[in-house]
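So the sequence shown is residues 12 to 550, counted in our numbering.
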Amino acid sequence: CMDCHKDVGADVRGKAGFHGRLEQPVVCKTCHTDHKGRDLRTTDLDKKKFEHNSKTDYTLKGRHEKVACEKCHVAGKKYREAAQDCNSCHKKDDKHKGQLGAKCADCHSESDWKEAKFDHETTKFPLTGKHSDVKCTDCHKDNVYKDTPKNCYACHRKTDEQKGHKGLYGEKCDSCHTTKAWKPSTFNHDTDTKYLLRGKHSSTACKDCHTGNLYQVKPKQECYACHKKDDKHKESLGTNCAACHIEKSWKEGGKFDHEKTRFPLLGKHAKVECKECHKSPMFKEAPKDCVGCHLKDDKHKTNLGTACADCHNEQDWKATQGRFDHDKTKFLLRNAHAAPAVKCTACHKDLASFRNTALLCISCHKKDDKHETQLGEKCDSCHNDKAWKGTTFNHGKARFALTGKHLITTCSKCHTTFRYKDAARDCYSCHKNEDKHKQVFGMRCESCHNTRAWTTWSFDHDSRTKYRLEGSHSKLACDACHKQAAPIGRDSAPLGTACVACHRAADVHNGGFGPRCEQCHQVEGWKKVKSRVGQGPDK
12 CMDCHKDVGA DVRGKAGFHG RLEQPVVCKT CHTDHKGRDL RTTDLDKKKF
62 EHNSKTDYTL KGRHEKVACE KCHVAGKKYR EAAQDCNSCH KKDDKHKGQL
112 GAKCADCHSE SDWKEAKFDH ETTKFPLTGK HSDVKCTDCH KDNVYKDTPK
162 NCYACHRKTD EQKGHKGLYG EKCDSCHTTK AWKPSTFNHD TDTKYLLRGK
212 HSSTACKDCH TGNLYQVKPK QECYACHKKD DKHKESLGTN CAACHIEKSW
262 KEGGKFDHEK TRFPLLGKHA KVECKECHKS PMFKEAPKDC VGCHLKDDKH
312 KTNLGTACAD CHNEQDWKAT QGRFDHDKTK FLLRNAHAAP AVKCTACHKD
362 LASFRNTALL CISCHKKDDK HETQLGEKCD SCHNDKAWKG TTFNHGKARF
412 ALTGKHLITT CSKCHTTFRY KDAARDCYSC HKNEDKHKQV FGMRCESCHN
462 TRAWTTWSFD HDSRTKYRLE GSHSKLACDA CHKQAAPIGR DSAPLGTACV
512 ACHRAADVHN GGFGPRCEQC HQVEGWKKVK SRVGQGPDK
């Protein structure tokens, strides 16, 4: 068979096409029988079951899968003679009229004929910026793709003539504009011209400076050429505006150096608007002395002269500290009196006249005198200017020197009122509640007690009385013997020194041996007796 059917033989040998894909060598007559008449169709296929993708060299994908067989395999031709190139079937669909060749698959796919995958980057005109969003037909009119102009002006001529430069800058739009956005342009005024745009100049519209026949006539670079109408000085300061004004703001004189004038701006003057001092645009007429501007602020009614700077400074009109030297007056300001602790108005009620202010403490502190003038008017003899409540009073100069624990006792413990001279000086007045003796030993507490500690008493019975305490007597509490209250003016009530004065109730002899108990009994113990055998009682 292959001798006549050479094309089939080539497929079998090359394992291509339908016959070349058969799993094993098949004898032709297995499918193509003979002697069955001339009307027998030996090449009929079951179109519904035929596997086109596995048994042919042409895979059906996308919309080709649903195309009827006879659309490609036309009558009168063998199945194998069907063309495999796109253009054979789609020539009538070619909107490009053959301009782009017959390789439709370079752009189109089987999924959708109208959905092209053409890579414009492979052309001489890559699509960048907003060009990538433009429809093909916006540039390729009437599906003409070849010989499409590549210069900007071909598409953007209308924009230039109606809203742009009207052809004055030629057709090389990309010298200033980019595909990212038509506006703004990339024209760099700083590098492309001799005039750098700074501050508000950078946001000024081109036409504001370039008037007339657009851009052809270069404007002058001097400020005055544009800002003559803004000159409030009427040329009195010349036409070199840049000496004072800056591009950031015409009204903001950021470059003028006031330090070069006869009036340097210091402190708050530096933040004052020019017009506050320069009432007219003729700047040279402004006053240079303080009173020229601050006469209305002078609370002294010129009583202290017009040299405001002697006391006031530019930092703060109301703050005079550091300028006026109060030490040059008769009243030196120290500690709490010094500013800012005390304002001038606290002492100087009348700002018009400072000279008549009283110098005595009581003049200002009369309302603070808790002593009701009992201690006189020399407040500074006790108080100081560090703190009114912190006194420097020396109690040693009073009639009651402070010793021991009295030194750490608060004043109010003894001085219950601020009339200090009314305070009592005897111990009993303050320590009455602490008198455990109930006045048995009188009111002269200092006879026994001292200021070191109330509980540590220093009465020496042996040296200060006629009765020495010995033996068990030395351990007795005072009130064991001293039971009666002391008369006024005495330390204790009279008490006999004889034993019987205390031990009469304990005398089991009922006076049979006389009142001199010590002849038998001892102070170490009442029950310890001396032997007196053969001796009678003392009479």
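We put the CB at the ideal spot given by N, CA and C, even for glycine.
>> If the criterion is Cβ atoms closer than 8 Å, does the pair Arg430 and His382 meet it?
In response: yes
>> So, at 7 Å on beta carbons, what are the nonlocal neighbours of Leu370 in its own chain, with the 5 sequence-adjacent residues on each side left out?
In response: Lys341 and Phe342
> In chain order, what residues of the same chain have a beta carbon less than 6 Å from the beta carbon of Asn461, not counting five sequence neighbours either side?
Replying inline: Ser469
>> Restricting to runs no shorter than 4 residues, where is the alpha helix (DSSP H) found entirely within the region 173–244?
In response: 200–203, 217–220 and 234–238
>> Suppose you measure from the CA of Pro351 to the CA of Asp321; what does that come to, to the nearest Å?
In response: 18 Å
> What three-state label does DSSP hand Ser99 in the structure shown?
Replying inline: helix
> Just how far apart, CA to CA, sit Arg501 and Asp446?
Replying inline: 16 Å
>> Judging by CA-CA distance, which residue of Thr428, Cys456 and Val451 is the nearest neighbour of Ser440?
In response: Cys456
> Any idea which residues DSSP pairs Ser260 with across the strands?
Replying inline: Ile257
>> Taking contact to mean 3 or more Cβ pairs, one atom from each stretch, closer than 8 Å, check whether the region 113–127 and the region 68–76 are in contact.
In response: yes
> Pick from Asn314, Cys489, Lys279 and Lys286: whose alpha carbon is nearest that of Gln326?
Replying inline: Relative to the Cα of Gln326, the nearest Cα in the group Asn314, Cys489, Lys279 and Lys286 belongs to Lys279.
> On the three-state DSSP scale, how would you describe His394?
Replying inline: strand
> Is Thr148 helix, strand or coil when you go by DSSP?
Replying inline: helix
> Name the DSSP bridge partner or partners of Tyr540?
Replying inline: Per the sequence presented here, residue 540 reads as Val, with Tyr not at that position. For Val540, which the question treats as bridged, DSSP gives the partners His532.
> Between which two residues does the alpha helix (DSSP H) carrying His442 extend?
Replying inline: Cys438 to His442
> Three or more beta-carbon pairs under 8 Å between the region 173–191 and the region 209–219, yes or no?
Replying inline: No: fewer than three Cβ pairs fall under 8 Å.
> On the three-state DSSP scale, how would you describe His30?
Replying inline: helix
>> Once the 5 residues before and after Lys161 are set aside, which same chain residues still bring their CB inside 6 Å of it?
In response: Phe136
>> Under 8 Å: do the region 354–368 and the region 294–304 share three or more Cβ pairs, one atom per stretch?
In response: no
> Hey, Cys531 and Lys538: beta-carbon distance below 8 Å or not?
Replying inline: no
> So, does the CB of Cys319 fall closer than 8 Å to a CB anywhere in chain C?
Replying inline: Although the question refers to chain C, the structure presented lacks it and comprises just one protein chain.
>> Considering Cα atoms alone, identify which of Gly401, Asp308 and Cys252 is closest to Ala363.
In response: Closest option to Ala363, Cα to Cα, is Asp308.
>> Under DSSP, the alpha helix (DSSP H) around Asn64 begins and ends at which residues?
In response: His63 to Lys66
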